[in-house]
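Scroll down for the structure; my scribbles are underneath it.
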Amino acid sequence: MVVVGHGMVGHRFVEALRSRDADGDWRVTVLAEEADAAYDRVGLTGYTDHWDRNLLALPGNDYVGDDLVDLRLATRVTGIDRTAKEVLTADGQRVPYDALVLATGSYAFVPPVPGRDLPVCHVYRTLDDLDAIRAGANAARDSKTPVGVVIGGGLLGLEAANALRTFGLKTHVVEMAPHLMAAQLDEAGGALLSRMIKSLRIEVHTGVGTESIVPVQRNEPLRKSDRDDSVRLSLNDGSHIDTGVVVFAAGVRPRDELAREAGLDVAQRGGVLTDVACVTSDPDIYAIGEVAAIEGRCYGLVGPGYTSAEVVADRLLGGAAEFGEADMSTKLKLLGVDVASFGDAQGRTPNCLEVVVNDPVKQTYAKLVLSDDAKTLLGGILVGDASAYGVLRPMVASELPGDPLSLIAPVSDGSAPSLGVGALPDIAQICSCNNVTKGDLKEAIGGGCTDVPGLKKCTLAGTSCGSCVPLLKQLLEAEGVEQSKALCEHFSQSRAELFEIVSATEIRTFSGLIERFGTGKGCDICKPVVASILASTSSEHILDGEQASLQDSNDHFLANIQKNGSYSVVPRSPGGEITPEQLILIGEIARDFDLYTKITGGQRIDMFGARVDQLPEIWRRLVEGGMESGHAYGKALRTVKSCVGSTWCRYGQQDSVDMAVTIEKRYRGLRAPHKIKMAVSGCARECAEAQSKDVGVIATEQGWNLYVCGNGGMTPRHAQLLAGDLDDETLIRYIDRFLMFYIRTADRLQRTAPWLEALDGGLEHLRDVVCNDSLGLAGEFEDAMERHVAGYACEWKGVLEDPQKLSRFVSFVNAPDVEDPTVEFTESSGRKVPLAMPKVPQR
Numbered sequence: 001m002v003v004v005g006h007g008m009v010g011h012r013f014v015e016a017l018r019s020r021d022a023d024g025d026w027r028v029t030v031l032a033e034e035a036d037a038a039y040d041r042v043g044l045t046g047y048t049d050h051w052d053r054n055l056l057a058l059p060g061n062d063y064v065g066d067d068l069v070d071l072r073l074a075t076r077v078t079g080i081d082r083t084a085k086e087v088l089t090a091d092g093q094r095v096p097y098d099a100l101v102l103a104t105g106s107y108a109f110v111p112p113v114p115g116r117d118l119p120v121c122h123v124y125r126t127l128d129d130l131d132a133i134r135a136g137a138n139a140a141r142d143s144k145t146p147v148g149v150v151i152g153g154g155l156l157g158l159e160a161a162n163a164l165r166t167f168g169l170k171t172h173v174v175e176m177a178p179h180l181m182a183a184q185l186d187e188a189g190g191a192l193l194s195r196m197i198k199s200l201r202i203e204v205h206t207g208v209g210t211e212s213i214v215p216v217q218r219n220e221p222l223r224k225s226d227r228d229d230s231v232r233l234s235l236n237d238g239s240h241i242d243t244g245v246v247v248f249a250a251g252v253r254p255r256d257e258l259a260r261e262a263g264l265d266v267a268q269r270g271g272v273l274t275d276v277a278c279v280t281s282d283p284d285i286y287a288i289g290e291v292a293a294i295e296g297r298c299y300g301l302v303g304p305g306y307t308s309a310e311v312v313a314d315r316l317l318g319g320a321a322e323f324g325e326a327d328m329s330t331k332l333k334l335l336g337v338d339v340a341s342f343g344d345a346q347g348r349t350p351n352c353l354e355v356v357v358n359d360p361v362k363q364t365y366a367k368l369v370l371s372d373d374a375k376t377l378l379g380g381i382l383v384g385d386a387s388a389y390g391v392l393r394p395m396v397a398s399e400l401p402g403d404p405l406s407l408i409a410p411v412s413d414g415s416a417p418s419l420g421v422g423a424l425p426d427i428a429q430i431c432s433c434n435n436v437t438k439g440d441l442k443e444a445i446g447g448g449c450t451d452v453p454g455l456k457k458c459t460l461a462g463t464s465c466g467s468c469v470p471l472l473k474q475l476l477e478a479e480g481v482e483q484s485k486a487l488c489e490h491f492s493q494s495r496a497e498l499f500e501i502v503s504a505t506e507i508r509t510f511s512g513l514i515e516r517f518g519t520g521k522g523c524d525i526c527k528p529v530v531a532s533i534l535a536s537t538s539s540e541h542i543l544d545g546e547q548a549s550l551q552d553s554n555d556h557f558l559a560n561i562q563k564n565g566s567y568s569v570v571p572r573s574p575g576g577e578i579t580p581e582q583l584i585l586i587g588e589i590a591r592d593f594d595l596y597t598k599i600t601g602g603q604r605i606d607m608f609g610a611r612v613d614q615l616p617e618i619w620r621r622l623v624e625g626g627m628e629s630g631h632a633y634g635k636a637l638r639t640v641k642s643c644v645g646s647t648w649c650r651y652g653q654q655d656s657v658d659m660a661v662t663i664e665k666r667y668r669g670l671r672a673p674h675k676i677k678m679a680v681s682g683c684a685r686e687c688a689e690a691q692s693k694d695v696g697v698i699a700t701e702q703g704w705n706l707y708v709c710g711n712g713g714m715t716p717r718h719a720q721l722l723a724g725d726l727d728d729e730t731l732i733r734y735i736d737r738f739l740m741f742y743i744r745t746a747d748r749l750q751r752t753a754p755w756l757e758a759l760d761g762g763l764e765h766l767r768d769v770v771c772n773d774s775l776g777l778a779g780e781f782e783d784a785m786e787r788h789v790a791g792y793a794c795e796w797k798g799v800l801e802d803p804q805k806l807s808r809f810v811s812f813v814n815a816p817d818v819e820d821p822t823v824e825f826t827e828s829s830g831r832k833v834p835l836a837m838p839k840v841p842q843r
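In UniProt numbering, the protein residues as written are 1 to 843.
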């Protein structure tokens, strides 16, 4: 088997074939034109958040450990010799095949506009394309014309516009159709989408075409230090736009050139013509994905592509699968706006009826297309609020459970309508990407799957675009699968419930809490959780009284234990700002105590190698020098990273350093379910990497954009925009509410990203709580934060002022003056590193 192309569909085909070919009948050679193995092209825009190609890589795309798959990257296929049954490559290889699968996908269409070949013009299709766009956008931003133009107002066009906007360019979208997303939305839905996107300061030009692109003629000569590759984009309505970068996103065309040259039949409008088995006019050659014109029609979505891959894998192993009716539904968030389209969204079915709810004030639009008797759902459109998409889409071609208007009209209290998964028939397709029905999921639940991860692993539902994941949880609940909320064997309550109990009672000790609401004596799970809750709800020192025995090894000694048993000390440097005197002090301490020093990724200085009995003296010198605990050891705010902002940087739009210092001093010492990291960037260049933090703040011309729930680690997540163009006071108020809501409701050791993922209603619900005060708790959240700010005290200083607390900081030997035998160093690559010693037991 030879597969030409290694995109999402090509990879899915190889996975499907290998998973079913138990006897190893097929040996697979994959010829990939790109240098990158299969990656998530649906999530291509996410690449602009991190520029890390590895984060988009599809699982298992290298086939490591599978001797029957030979993946050859950067190998362009130039021809097919059907007589010899060989594939020809650009480097002179001739690869034989018994069966050949064409998974060449599509290419970006560039209309024949004069000037389309100028250096400032790009397409939006691959990772390499985005790298080129970034370089062009950076050059444009630094030029006399910091403007970007996207030609095409469809899905890709709006994603490209978002990318240019994040690069700091004033962005225009030019669309020839009368409204945006003409393939998915009707005129009313497209008009609302245009208004919402214009409110984000993106200019939208609809109903116009591009006539030419020519270099801008400057009257004045440029200095040598200036660079200006600007072009003038002329529209057919007589207007023009001067811009530094142009992105064509005017649609795609199937890459069928290999098939044409090999004499295979192609469809009238392009694409390799196949039957429902995805077989081409040559019985030994198949076509899948975007290049396949199945019975004359090409499908440009990943769901139908995956279906075609599964069909061919089944056929090659003796099955009789056929490509049925494709699900062309789409749901995505464009520039912060929910958009969904499913079924016969445009109402092309004869005699169909339409039910529409258009609310320009709340900026929502919903339309259902019904059969002529108003009983069967044919399709629909949702703009602004797509929360009903998950349930409505599987109901297409099914009889509605009630009044159609009730499914999309707000209920009497103004909230969104709600429709449960229980209303769906078993044949309803819950996951269109992987063709998983409600019946398939119920069968998996009956077979022992009791949670969402289990369902995803067993059925593959929710493993592609992820839009159906909320329905998986709903289905588990509807099937009566009880999801345990117990914190541990000693508390039947969840962490959030224990937080409410502690807040509502006078209980301030673990023993009092477990005596009244738990059983037994506690464990290593519940003790630190309760300790964190107690710290979050009062200003008591974490080593006061009974609380000291609840802490884990790091909190117990207010320092991070290292692998050789020594400890590290990290003083706070708000916003990365530090005085010369503080730098000298840290250097002197490191020298006097023979500590290894390192600048951390959070713009602080870490000192490694301290013994327990040395910690108080190190803290004393730091505190006397005006420094304090950086809480590097705690489940609390760690750092607030910042760039130099408008104080020093010529691109800075706001004073990011001052804001970072303000934020760090406000939230220092705030105990939480997990560590919290923040950052403030002074402009859209994002030098502080704010969008990878739990709380990220990015300056705009009008104020600040607030991003939340991003984090690094084993499962990196990018922060999502919660609110934009905020003034200082509103920004702080929203962060107060966000943090307190998270602290109250998150599970044990749950960072903000998975917390948001598990939060019912997701980002929209979070936005309602934080920005719109939908729970009526905003005042309570803000008061709680004010109490924290007023009660904050440095934990190091608290130890130094209390002899009882100081008594616990003695070495692991009897005499404090004896060298600690657990700390030894050696030289490695010119730097001091600790020898690996027997691990110190952790509490």
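For glycine and all other residues, C-beta sits at the position ideal for the given N, C-alpha and C.
Secondary-structure assignment with DSSP links Gln720 through a beta bridge to Val708. Take the alpha-carbon of Gln720 and the one of Leu100: they are about 42 angstroms apart. Uninterrupted beta strand (DSSP E) stretches at least 3 residues long and entirely within the region 19-107 occur at 28-31, 69-72, 77-81, 86-89, 94-96, 100-102, given in chain order.
For Ser234, no alpha helix (DSSP H) segment is defined; the enclosing uninterrupted segment is the beta strand (DSSP E) at 231-235.
Scanning the region 371-403 for uninterrupted beta strand (DSSP E) segments of 3 residues or longer gives 377-383, listed from N- to C-terminal end. DSSP lists Ile561, Ala610 as the bridge partner or partners of Tyr567. Of the other Cβ atoms in all chains shown, fewer than 16 fall within 10 Å of the Cβ of Ser807; this residue is therefore exposed.
Across the structure, Leu55 and Asp747 are spaced so that their CA atoms are roughly 26 angstroms apart. When DSSP states are grouped into helix, strand and coil, Ile427 belongs to the coil group. The beta carbon of Val150 sits closer than 6 angstroms to those of Gly157, Ala160, Ala161, Val173, Val247, Ala249, all from its chain and outside the five residues before and after it, given in chain order. Val355 is positioned such that its CB atom lies closer than 8 angstroms to that of Pro404. Between Leu264 and Asp282, the gap from beta carbon to beta carbon is short of 8 angstroms.
Arg165 and Ile743 have their C-alpha atoms spaced approximately 33 angstroms apart. Using a 10 angstroms sphere on the CB of Asn564, the tally of other CB atoms reaches 16 or more, which defines it as buried. By the neighbour-count definition (other C-beta atoms within 10 Å, threshold 16), Pro528 is a buried residue.
DSSP, reduced to helix, strand and coil, places Pro304 within a helical segment of the structure shown. In the DSSP assignment, Ala262 is bridged to no other residue. In terms of CA proximity to Lys367, Ala188 leads the group Glu782, Ala188, Leu558.
Residues of the same chain with a CB within less than 7 angstroms of the CB of Ile427, apart from the 5 flanking positions on each side, are Thr437, Gly439 in chain order. Using a C-beta cut-off of 8 angstroms, the region 112-131 makes no contact with the region 258-276, since fewer than three inter-stretch Cβ pairs fall below that distance. The alpha-carbon of Arg516 is positioned some 58 angstroms away from that of Ile202. If you look at Glu203, you'll find it in the beta strand (DSSP E) that goes 202-206. The beta-carbon distance between Ala287 and Thr274, rounded to whole angstroms, is 5 angstroms. This is short enough to meet the 8 angstroms contact definition. Per DSSP, the unbroken alpha helix (DSSP H) holding Met740 starts and ends at 728-745. The region 189-196 makes no contact with the region 74-82; the number of CB pairs closer than 8 angstroms stays below 3. Take Arg20, set aside five residues on each side of it, and the residues of its chain with a beta-carbon closer than 7 angstroms to its own are Ala313, Leu317, in chain order. DSSP places Ser341 inside the beta strand (DSSP E), whose first and last residues are 337-343. The C-alpha of Gly669 is placed about 28 angstroms away from the C-alpha of Asp592.
About 6 angstroms separates the beta carbon of Ala753 from that of Gly710, a gap short enough to meet the 8 angstroms contact definition. Listed in chain order, the non-local C-beta contacts of Glu764 below 8 angstroms within the same chain comprise Asp338, Asp385, Ser387, local neighbours out to five positions each way being set aside.
DSSP assignment within the region 628-704 yields the following whole alpha helix (DSSP H) runs of 4 residues or more, N-terminal first: 645-648, 656-667.
In the three-state reduction of the DSSP assignment, Pro803 falls in the helix class, which pools H, G and I. The beta carbon of Gln702 sits closer than 6 angstroms to those of Asp725, all from its chain and outside the five residues before and after it, given in chain order. Contact annotation: the region 529-545 does not touch the region 594-602, with fewer than three C-beta pairs closer than 8 angstroms. For Leu130 against Tyr47, the beta-carbon gap comes to about 5 angstroms, under 8 angstroms, which counts as contact. Short of 6 angstroms from the beta carbon of Val2, and not among the five residues preceding or following it, lie these beta carbons of its own chain, in chain order: Thr29, Val87, Val95, Tyr97, Leu100.
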